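Residue numbers (this note's numbering): 4 to 415.
Given below as structure tokens:
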């Protein structure tokens with residue numbers, strides 16, 4: 004049985020935390036903890052490229068899990084070499100709002116012509132050929148494009164598995180009706196937690212945004228994303244309550260901007276703020292699940308995917324490592340003019356070989372392969388250097404410490 008094992012996948016790493024031997028798969032983020040017997044099984048297979056003739060029921064289950072999650076490579080199952088997994092595609096820079104700290108803001112936002120449908124189709128074809136299965140269509144406000152239906156329909160016909168559109172929720176309902184048959188998920192950006200609260204978006208839009216969520220949620224998977232900043236960091240519970248009222252899922256994003264910009268001085272969350280937030284989270288009921296510990300979704304990462312398995316394409320076809328890093332000094336190439344392979348491996352891609360092992364503070368951290376060094380975009384915008392950690396490090400570490408505090412030698 005399985006005598007053609009070739010050993011561990013090249014993307015698999017072995018490490019140890021609190022006496023627990025762990026296998027992590029960078030390719031798919033899977034993590035498996037090993038008992039002492041499990042560790043012996045893995046070492047035996049690595050050395051002999053076969054499995055033992057006899058195994059305990061526990062190790063039989065472990066082996067099946069390792070195989071199903073691609074920890075081992077066999078002669079019949081070679082490793083996937085797709086260039087990319089996901090992409091943000093900005094189909095327009097045009098927008099009707101003026102959100103503070105918008106990740107796609109440009110000074111000539113509503114002045115430039117959009118790429119043609121044919122040009123967008125060329126981009127989509129290149130992305131699919133490079134392996135992109137998850138596509139997020141953003142802007143600007145993407146529903147400003149009259150041909151967004153055709154763009155979505157073409158993306159799905161070319162083989163995009165998961166197609167998500169991000170909208171500000173203020174467009175006419177017929178615009179959403181046009182695209183819903185061809186998308187898998189609609190994400191609406193939300194500012195406050197009720198119709199009377201405004202932080203970073205235009206005043207008076209929340210009733211329309213809420214109405215759009217209610218209108219769309221039974222037609223397509225609909226979620227909302229709320230941007231966290233200093234002014235609403237301690238109001239997280241109220242967003243959970245909003246999600247319950249609307250009966251939809253949601254997630255938080257962090258306001259990610261240049262920390263030195265005076266415009267954002269009242270909105271920047273500091274490490275000290277995050278420390279206070281950990282204390283607050285422990286007092287909130289478990290149903291909120293805000294940074295709860297010891298609950299923790301473990302994933303194996305050697306870096307965030309920016310510039311590696313994920314890119315962002317601007318409204319004129321320029322390529323950047325991340326949707327939050329559309330900056331001149333991080334320009335990688337233009338997808339309409341260059342091949343994606345040449346773009347990804349160009350000298351302009353400063354993150355192509357960058358991992359958590361390059362980060363100053365992370366090198367000796369035992370949790371580094373479970374957090375991947377955090378968000379490179381936030382690190383760059385907060386400190387000006389990818390080699391630094393971002394301000395959420397304290398949150399990640401507290402969550403992981405809480406998780407591993409559950410275990411002792413008797414439980415292994």
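In this text, a Cβ means the ideal position worked out from N, Cα and C, and glycines have one as well. Quick caveat, the model's predicted, so the values are computed rather than measured.
Check: Going by the CB atoms, is the gap between residue 91 and residue 429 shorter than 8 Å?
Finding: Residue 429 cannot be examined here, being either before or after the span of the chain that is shown, 4 to 415.
Identified DSSP bridge partners for residue 46 = Stepping through the chain shown from its first residue, residue 46 is reached at position 43. Note: residue 46 sits in no beta bridge, so no partner.
For residue 260 and residue 387, what's the separation of their Cα atoms in angstroms?
As a first step, residue 260 is located in the chain shown; it is residue number 257 there, counting from the start. As a first step, residue 387 is located in the chain shown; it is residue number 384 there, counting from the start. Their backbone Cα atoms lie some 11 Å apart in a straight line.
Length of the line joining the Cα atoms of residue 295 and residue 398 | For this step, residue 295 is matched to residue 292 along the chain shown. For this step, residue 398 is matched to residue 395 along the chain shown. Here the model assigns residue 295 a pLDDT of 30, short of 50, so the residue's position is not dependable, and the following value carries that caveat. Taking the straight line from one Cα to the other gives about 10 Å.
Worksheet entry | For residue 354 and residue 310, believed in contact at Cβ under 8 Å, the rounded distance | Here residue 310 corresponds to residue number 307 of the chain shown, with the count starting at 1. Here residue 354 corresponds to residue number 351 of the chain shown, with the count starting at 1. Contact holds; Cβ gap of about 3 Å.
**Where residue 166 sits in the DSSP three-state scheme** = On the chain shown, position 163 is the one that residue 166 refers to. In the structure shown, residue 166 sits in a strand (DSSP, three-state: E or B).
Cutoff 7 Å; reference residue 276; Cβ partners in own chain excluding five residues on either side | Locating residue 276 in the chain shown gives position 273, counting from the first residue. So the qualifying residues of the chain are 233, 236.
Which same chain residues, not among the five before or five after residue 124, have their C-beta less than 6 Å away from its C-beta?
Along the chain shown, one-based indexing puts residue 124 at 121. For residue 124, where only same-chain residues beyond five positions count, the Cβ hits under 6 Å are 157.
key: Opening and closing residue of the alpha helix (DSSP H) in which residue 333 lies   = Walking along the chain shown from the start, residue 333 turns up at place 330. Where residue 333 is concerned, there is no enclosing alpha helix (DSSP H), given that its DSSP letter is neither H nor E.
Exercise for the section: Express the C-alpha separation of residue 182 and residue 117 in angstroms, rounding to a whole number. Expected result: For the purposes of this step, residue 117 is taken as residue 114 along the chain shown, with counting starting at 1. For the purposes of this step, residue 182 is taken as residue 179 along the chain shown, with counting starting at 1. Distance between the alpha carbons of residue 117 and residue 182: 19 Å.
Check your understanding: Which of the three DSSP states, helix, strand or coil, is assigned to residue 17?
Key -> Against the chain shown, residue 17 aligns to sequence position 14. If DSSP states are grouped into helix, strand and coil, residue 17 belongs with the strands.
Looking at the structure shown, is residue 86 part of a helix, part of a strand, or coil, going by DSSP?
-> Taking the first residue of the chain shown as 1, we reach residue 86 at position 83. Coil.
### Task
Could you tell me which of 52, 175, 313 sits nearest to residue 137, measuring between CA atoms?
Within the chain shown, the letter at position 134 stands for residue 137. Nearest option by C-alpha distance: 313.
>> Based on DSSP bridge pairs, tell me the residues matched to residue 36.
In response: Indexing the chain shown from 1 puts residue 36 at position 33. Residue 36 pairs with 25.
Residue closest to residue 43, alpha-carbon to alpha-carbon, out of 33, 29, 62 | Counting from 1 along the chain shown, the entry for residue 43 is found at position 40. Out of 33, 29, 62, 62 has the C-alpha closest to the C-alpha of residue 43.
Worksheet entry | Spatial neighbours of residue 41 in its chain, beta-carbon cut-off 7 Å, leaving aside the 5 residues before and after | As a first step, residue 41 is located in the chain shown; it is residue number 38 there, counting from the start. Excluding sequence neighbours, residue 41 sits near 62, 65.
- Message: Between which two residues does the alpha helix (DSSP H) holding residue 245 run?
- Response: Start at 1 with the first residue of the chain shown, and residue 245 comes out as number 242. Run containing residue 245: 239-249, per the alpha helix (DSSP H) assignment.
- Query: Does the pairing of the region 299-307 with the region 100-108 give three or more beta-carbon distances under 8 Å?
  - Reply: no
* What do you get for residue 25, buried or exposed, if any count of 16 or more other CB atoms within 10 angstroms of its CB means buried? -> To locate residue 25, count along the chain shown from 1; it is residue 22. Buried: at least 16 other Cβ atoms inside 10 Å.
Fill in: For residue 76: DSSP bridge partner residues
Translated into positions along the chain shown, residue 76 becomes position 73. Answer is 10, bridged to residue 76.
Exercise. Within the same chain, show all residues whose beta-carbon is closer than 6 Å to that of residue 326, passing over the 5 residues directly before and after it, in chain order.
Key: What you label residue 326 is simply residue 323 of the chain shown in a count that begins at 1. For residue 326, where only same-chain residues beyond five positions count, the Cβ hits under 6 Å are 91, 106, 315.
Quiz prompt | Segment contact flag, the region 206-219 with the region 172-182, C-beta cutoff 8 Å, min 3 pairs | solution = yes
With distances taken from CA atoms, which of 23, 382, 147, 133 is nearest residue 2?
-> Since the first and last residues shown for the chain are 4 and 415, residue 2 lies out of range.
Run through the DSSP bridge pairs and tell me what residue 188 is partnered with. Walking along the chain shown from the start, residue 188 turns up at place 185. Looking at the DSSP assignment, residue 188 forms a beta bridge with 167.
Going by C-alpha distance, which of 281, 89, 379, 11 is nearest residue 52? As a working mapping, residue 52 is identified with position 49 in the chain shown. Out of 281, 89, 379, 11, 11 has the C-alpha closest to the C-alpha of residue 52.
- Task: Taking 8 Å as the threshold, find out whether the region 158-169 comes into contact with the region 200-207 through three or more Cβ pairs.
- Result: no
Residues of its chain near residue 393, where Cβ-Cβ distance is below 7 Å and the 5 sequence neighbours each way are ignored:
Locating residue 393 in the chain shown gives position 390, counting from the first residue. 377, 378, 381, 382, 385.
Residues near residue 18 in its chain [Cβ-Cβ closer than 6 Å; skip 5 each side]: As a first step, residue 18 must be located in the chain shown, where it is residue number 15. Contacts found: 25, 372.
Quick one: Cα of residue 317 to Cα of residue 143, how far?
For the purposes of this step, residue 317 is identified with residue 314 of the chain shown, where counting begins at 1. For the purposes of this step, residue 143 is identified with residue 140 of the chain shown, where counting begins at 1. For residue 317 and residue 143, the distance between alpha carbons rounds to 10 Å.
*Taking only heavy atoms of the ligand ADP into account, decide whether any of them is closer than 7 Å to the Cβ of residue 241.*
Looking for the ligand ADP in the displayed structure turns up nothing, as the structure carries no ligands at all.
Review point. If you compare alpha carbons, which of 280, 375, 362, 271 is closest to residue 391?
Key: Working through the chain shown from its first residue, we reach residue 391 at position 388. Ranking 280, 375, 362, 271 by Cα distance to residue 391 puts 362 first.
Less than 8 Å between the C-beta atoms of residue 72 and residue 31, yes or no? Translated into the one-based positions of the chain shown, residue 72 becomes position 69. Translated into the one-based positions of the chain shown, residue 31 becomes position 28. Closer than 8 Å, so yes.
* To do: Pick helix, strand or coil for residue 208, following the three-state DSSP scheme.
  => For this step, residue 208 is matched to residue 205 along the chain shown. Residue state, collapsed to three classes: coil.
In the DSSP assignment, the beta strand (DSSP E) including residue 257 goes from what residue to what residue?
Counting from 1 along the chain shown, the entry for residue 257 is found at position 254. Note, residue 257: beta strand (DSSP E), 252-257.
- For the candidate residues 408, 324, 253, 35, whose alpha-carbon lies nearest to that of residue 349? Looking up residue 349 in the chain shown gives position 346. Ranking 408, 324, 253, 35 by Cα distance to residue 349 puts 324 first.
| Going by the CB atoms, is the gap between residue 101 and residue 113 shorter than 8 Å? | Against the chain shown, residue 113 aligns to sequence position 110. Against the chain shown, residue 101 aligns to sequence position 98. Not a contact, by the Cβ cut-off of 8 Å.
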